[in-house]
Amino acid sequence: MELISSYHLIGHRLCPYVQRVAMVLAQNGIAHKRTDIALDAKPDWFLALSPTGNVPVLVVDDERTLFEAAAICQYLETITGKKPCGADAYDHALAQAVVAIGDKLLSLTADLIYRDLSESSVDATMHQIHKQMSIVSDLMSAQVVDTDKDLSMLDIVFATVFRPFALIAVGLNRDLFAGFPGLRGWASDLAKHETVRNAVPATYYRELHEFIACKDGYLANRLRMIPQDNIVLTTAKSVM
(Lines of atoms letter the chains of each structure in order from A and count residues from 1; the text may use other names and numbers.)
(Lines give C-alpha, C1' and ligand atoms only; values in the text may rest on other atoms or scores of the structure.)
Protein backbone atom coordinates (compact mmCIF):
# COMPACT_ATOMS: atom_id res chain seq x y z
CA MET A 1 0.00 0.00 0.00
CA GLU A 2 1.26 3.45 -0.93
CA LEU A 3 1.49 5.76 2.06
CA ILE A 4 0.63 9.37 1.34
CA SER A 5 0.58 12.14 3.91
CA SER A 6 -2.34 14.17 2.56
CA TYR A 7 -5.24 14.28 0.12
CA HIS A 8 -7.20 17.31 -1.02
CA LEU A 9 -10.45 16.76 -2.93
CA ILE A 10 -11.61 19.73 -4.98
CA GLY A 11 -15.15 19.51 -6.25
CA HIS A 12 -18.68 20.87 -6.27
CA ARG A 13 -21.38 20.22 -3.68
CA LEU A 14 -23.80 18.61 -6.15
CA CYS A 15 -21.55 16.99 -8.76
CA PRO A 16 -22.20 13.22 -9.10
CA TYR A 17 -18.59 12.55 -10.08
CA VAL A 18 -17.35 14.31 -6.96
CA GLN A 19 -19.86 12.28 -4.93
CA ARG A 20 -18.29 9.12 -6.36
CA VAL A 21 -14.83 10.06 -5.14
CA ALA A 22 -16.16 11.29 -1.79
CA MET A 23 -17.85 7.94 -1.17
CA VAL A 24 -14.70 5.97 -1.96
CA LEU A 25 -12.65 8.21 0.34
CA ALA A 26 -15.20 7.90 3.14
CA GLN A 27 -15.69 4.17 2.75
CA ASN A 28 -11.95 3.58 3.01
CA GLY A 29 -11.54 5.93 5.95
CA ILE A 30 -9.07 8.13 4.07
CA ALA A 31 -8.61 11.47 5.82
CA HIS A 32 -8.72 14.36 3.40
CA LYS A 33 -9.33 18.05 2.98
CA ARG A 34 -12.20 19.16 0.75
CA THR A 35 -12.76 22.41 -1.11
CA ASP A 36 -15.90 23.07 -3.15
CA ILE A 37 -15.91 25.62 -5.96
CA ALA A 38 -18.59 27.31 -8.05
CA LEU A 39 -18.80 25.73 -11.50
CA ASP A 40 -19.75 29.00 -13.16
CA ALA A 41 -16.87 30.91 -11.56
CA LYS A 42 -13.94 28.52 -11.37
CA PRO A 43 -10.98 30.17 -9.64
CA ASP A 44 -7.69 30.54 -11.47
CA TRP A 45 -5.87 28.37 -8.93
CA PHE A 46 -8.25 25.51 -9.74
CA LEU A 47 -7.86 25.92 -13.50
CA ALA A 48 -4.10 25.76 -12.98
CA LEU A 49 -4.54 22.39 -11.25
CA SER A 50 -7.13 20.76 -13.51
CA PRO A 51 -5.97 19.87 -17.04
CA THR A 52 -9.60 19.63 -18.21
CA GLY A 53 -11.05 22.39 -16.08
CA ASN A 54 -13.53 19.90 -14.59
CA VAL A 55 -14.17 18.55 -11.12
CA PRO A 56 -13.25 16.40 -9.31
CA VAL A 57 -9.54 16.93 -8.78
CA LEU A 58 -7.53 15.12 -6.13
CA VAL A 59 -4.29 16.73 -4.99
CA VAL A 60 -1.97 14.09 -3.56
CA ASP A 61 0.61 15.11 -0.98
CA ASP A 62 0.24 18.79 -1.95
CA GLU A 63 2.12 18.35 -5.21
CA ARG A 64 0.64 15.68 -7.49
CA THR A 65 -2.74 16.04 -9.17
CA LEU A 66 -5.24 13.45 -10.37
CA PHE A 67 -8.38 14.20 -12.38
CA GLU A 68 -11.38 12.26 -13.75
CA ALA A 69 -13.49 10.44 -11.16
CA ALA A 70 -12.92 6.93 -12.53
CA ALA A 71 -9.14 7.36 -12.49
CA ILE A 72 -9.17 8.83 -8.99
CA CYS A 73 -11.34 6.00 -7.66
CA GLN A 74 -9.13 3.38 -9.29
CA TYR A 75 -6.09 4.99 -7.67
CA LEU A 76 -7.78 4.98 -4.26
CA GLU A 77 -8.79 1.34 -4.68
CA THR A 78 -5.23 0.44 -5.62
CA ILE A 79 -3.58 2.08 -2.62
CA THR A 80 -6.10 0.52 -0.23
CA GLY A 81 -5.90 -2.90 -1.84
CA LYS A 82 -9.66 -3.19 -2.27
CA LYS A 83 -11.74 -4.31 -5.25
CA PRO A 84 -15.22 -2.79 -4.79
CA CYS A 85 -16.55 -4.42 -7.97
CA GLY A 86 -15.90 -7.92 -6.62
CA ALA A 87 -13.05 -10.40 -6.73
CA ASP A 88 -14.42 -12.70 -9.45
CA ALA A 89 -12.93 -11.68 -12.81
CA TYR A 90 -16.19 -12.06 -14.76
CA ASP A 91 -18.29 -10.25 -12.15
CA HIS A 92 -15.70 -7.48 -12.00
CA ALA A 93 -15.74 -7.04 -15.79
CA LEU A 94 -19.55 -7.09 -15.95
CA ALA A 95 -19.77 -4.52 -13.17
CA GLN A 96 -17.34 -2.27 -15.05
CA ALA A 97 -19.47 -2.58 -18.18
CA VAL A 98 -22.61 -1.60 -16.27
CA VAL A 99 -20.71 1.29 -14.67
CA ALA A 100 -20.10 2.52 -18.23
CA ILE A 101 -23.88 2.52 -18.75
CA GLY A 102 -24.18 4.47 -15.51
CA ASP A 103 -21.88 7.09 -16.98
CA LYS A 104 -24.14 7.28 -20.05
CA LEU A 105 -27.12 7.85 -17.77
CA LEU A 106 -25.27 10.65 -15.99
CA SER A 107 -24.56 12.25 -19.36
CA LEU A 108 -28.23 11.98 -20.32
CA THR A 109 -29.23 13.55 -17.01
CA ALA A 110 -26.87 16.42 -17.81
CA ASP A 111 -28.70 16.81 -21.13
CA LEU A 112 -31.97 17.26 -19.23
CA ILE A 113 -30.38 19.90 -17.00
CA TYR A 114 -28.23 21.84 -19.45
CA ARG A 115 -29.16 21.17 -23.05
CA ASP A 116 -32.79 20.12 -23.55
CA LEU A 117 -34.67 23.34 -24.31
CA SER A 118 -37.97 21.89 -25.52
CA GLU A 119 -40.41 19.18 -24.51
CA SER A 120 -39.59 17.24 -27.67
CA SER A 121 -35.90 17.31 -26.79
CA VAL A 122 -36.73 16.11 -23.28
CA ASP A 123 -38.86 13.32 -24.76
CA ALA A 124 -35.90 12.14 -26.84
CA THR A 125 -33.59 12.16 -23.82
CA MET A 126 -36.14 10.36 -21.65
CA HIS A 127 -36.44 7.70 -24.34
CA GLN A 128 -32.67 7.18 -24.19
CA ILE A 129 -32.72 7.07 -20.39
CA HIS A 130 -35.44 4.40 -20.50
CA LYS A 131 -33.39 2.43 -23.02
CA GLN A 132 -30.27 2.47 -20.83
CA MET A 133 -32.29 1.66 -17.70
CA SER A 134 -33.79 -1.31 -19.54
CA ILE A 135 -30.31 -2.61 -20.35
CA VAL A 136 -29.23 -2.32 -16.71
CA SER A 137 -32.44 -4.00 -15.54
CA ASP A 138 -31.90 -6.91 -17.92
CA LEU A 139 -28.23 -7.35 -17.00
CA MET A 140 -28.43 -7.08 -13.25
CA SER A 141 -30.28 -9.43 -10.94
CA ALA A 142 -31.96 -7.90 -7.89
CA GLN A 143 -29.27 -5.93 -6.08
CA VAL A 144 -29.09 -6.37 -2.33
CA VAL A 145 -27.62 -3.46 -0.40
CA ASP A 146 -26.51 -4.21 3.16
CA THR A 147 -26.45 -0.93 5.05
CA ASP A 148 -23.81 -2.36 7.40
CA LYS A 149 -21.38 -3.31 4.62
CA ASP A 150 -19.25 -1.41 2.14
CA LEU A 151 -20.73 -0.50 -1.21
CA SER A 152 -19.35 -1.85 -4.46
CA MET A 153 -18.19 0.59 -7.12
CA LEU A 154 -21.31 -0.37 -9.05
CA ASP A 155 -23.42 0.69 -6.06
CA ILE A 156 -21.48 3.93 -5.68
CA VAL A 157 -21.90 4.93 -9.32
CA PHE A 158 -25.60 4.13 -9.46
CA ALA A 159 -26.25 5.91 -6.17
CA THR A 160 -25.13 9.06 -8.00
CA VAL A 161 -27.16 8.13 -11.09
CA PHE A 162 -30.39 7.59 -9.16
CA ARG A 163 -30.06 10.45 -6.66
CA PRO A 164 -31.46 13.30 -8.83
CA PHE A 165 -34.26 11.19 -10.35
CA ALA A 166 -36.81 12.16 -7.68
CA LEU A 167 -36.41 15.86 -8.41
CA ILE A 168 -36.48 15.28 -12.17
CA ALA A 169 -39.63 13.19 -11.74
CA VAL A 170 -41.35 16.04 -9.90
CA GLY A 171 -40.24 18.62 -12.46
CA LEU A 172 -41.31 16.61 -15.50
CA ASN A 173 -44.18 14.69 -13.86
CA ARG A 174 -42.65 11.46 -15.13
CA ASP A 175 -41.56 8.37 -13.21
CA LEU A 176 -38.06 7.43 -14.35
CA PHE A 177 -38.36 4.05 -12.59
CA ALA A 178 -41.63 3.09 -14.31
CA GLY A 179 -41.35 -0.52 -15.44
CA PHE A 180 -38.20 -1.14 -13.43
CA PRO A 181 -39.22 -2.29 -9.93
CA GLY A 182 -35.83 -3.89 -9.32
CA LEU A 183 -33.99 -0.66 -10.07
CA ARG A 184 -36.48 1.29 -7.94
CA GLY A 185 -35.77 -1.01 -5.00
CA TRP A 186 -32.02 -0.78 -5.55
CA ALA A 187 -32.22 3.03 -5.60
CA SER A 188 -34.29 3.06 -2.41
CA ASP A 189 -31.82 0.80 -0.60
CA LEU A 190 -28.84 2.84 -1.77
CA ALA A 191 -30.44 6.07 -0.56
CA LYS A 192 -30.58 4.65 2.97
CA HIS A 193 -26.87 3.78 3.13
CA GLU A 194 -24.87 6.09 5.38
CA THR A 195 -22.06 6.49 2.84
CA VAL A 196 -24.54 7.59 0.18
CA ARG A 197 -26.42 9.95 2.48
CA ASN A 198 -23.25 11.63 3.71
CA ALA A 199 -21.83 12.24 0.23
CA VAL A 200 -24.08 15.27 -0.28
CA PRO A 201 -25.26 18.12 1.96
CA ALA A 202 -28.49 17.66 3.92
CA THR A 203 -29.95 20.42 1.74
CA TYR A 204 -29.09 18.56 -1.48
CA TYR A 205 -32.55 18.65 -3.08
CA ARG A 206 -33.09 22.31 -2.27
CA GLU A 207 -29.67 23.18 -3.68
CA LEU A 208 -30.24 21.02 -6.76
CA HIS A 209 -33.57 22.73 -7.37
CA GLU A 210 -31.87 26.13 -7.20
CA PHE A 211 -29.02 24.95 -9.43
CA ILE A 212 -31.30 23.61 -12.16
CA ALA A 213 -33.93 26.37 -11.94
CA CYS A 214 -31.42 29.04 -12.91
CA LYS A 215 -30.67 27.27 -16.21
CA ASP A 216 -32.46 27.87 -19.52
CA GLY A 217 -33.81 24.40 -20.26
CA TYR A 218 -37.29 22.91 -20.28
CA LEU A 219 -36.72 21.17 -16.93
CA ALA A 220 -35.58 24.46 -15.39
CA ASN A 221 -38.73 26.19 -16.58
CA ARG A 222 -40.89 23.45 -15.09
CA LEU A 223 -39.11 23.55 -11.73
CA ARG A 224 -39.46 27.32 -11.50
CA MET A 225 -43.24 26.85 -11.59
CA ILE A 226 -43.25 24.47 -8.61
CA PRO A 227 -42.84 25.85 -5.06
CA GLN A 228 -39.51 24.71 -3.73
CA ASP A 229 -40.92 23.56 -0.39
CA ASN A 230 -43.26 21.18 -2.21
CA ILE A 231 -40.32 19.71 -4.09
CA VAL A 232 -38.29 19.22 -0.92
CA LEU A 233 -41.19 17.36 0.72
CA THR A 234 -41.80 15.20 -2.34
CA THR A 235 -38.18 14.22 -2.83
CA ALA A 236 -37.69 13.55 0.86
CA LYS A 237 -40.59 11.10 0.84
CA SER A 238 -39.57 9.49 -2.43
CA VAL A 239 -35.88 9.01 -1.83
CA MET A 240 -34.88 9.14 1.77
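Position 48 of the sequence shown, counting from 1, maps to 108 under my numbering, and the rest follow consecutively.
All residues carry an ideal CB built from backbone N, CA and C; glycine is no exception.
- The shortest C-alpha to C-alpha distance from LEU136 to any of VAL84, ASP121, CYS75 and ASP96 is the one to VAL84.
- Between the alpha carbons of ASP96 and TRP105 lies a gap of roughly 13 Å.
- Nearest neighbour of SER110 by Cα position, chosen from ILE132, THR255 and ALA86, turns out to be ILE132.
- The Cβ atoms of LEU236 and PHE225 lie closer than 8 Å to each other.
- Between the segment 247 to 266 and the segment 68 to 75, the count of Cβ pairs shorter than 8 Å is three or higher; the stretches touch.
- THR263 sits in coil when the DSSP states are folded into three classes, being neither helix nor strand.
- Contact between LYS93 and ILE173 is absent: CB atoms are separated by about 28 Å, not below the 8 Å threshold.
- Judged by DSSP secondary structure, VAL204 falls outside any beta strand (DSSP E); it is assigned neither H nor E.
- Between LEU166 and GLN192, the CB-CB gap reaches or exceeds 8 Å.
- The three-state reading of DSSP puts LYS191 in helix, counting H, G and I together.
- Counting along the chain, HIS68 sits inside the beta strand (DSSP E) bounded by residues 67 to 71.
- Contact between THR140 and ASN88 holds, with the beta-carbon distance rounding to 5 Å and staying under 8 Å.
- In this structure, the beta-carbon distance from TYR67 to VAL120 falls below 8 Å.
- Annotated three-state conformation of ARG175 is helix, per DSSP.
- In its chain, beyond the 5 residues on either side, LEU227, LEU283, GLN288 and ILE291 have a beta carbon closer than 7 Å to the beta carbon of HIS269.
- Residue environment analysis places ALA101 among the exposed positions, since fewer than 16 neighbouring C-beta atoms fall within 10 angstroms of its C-beta.
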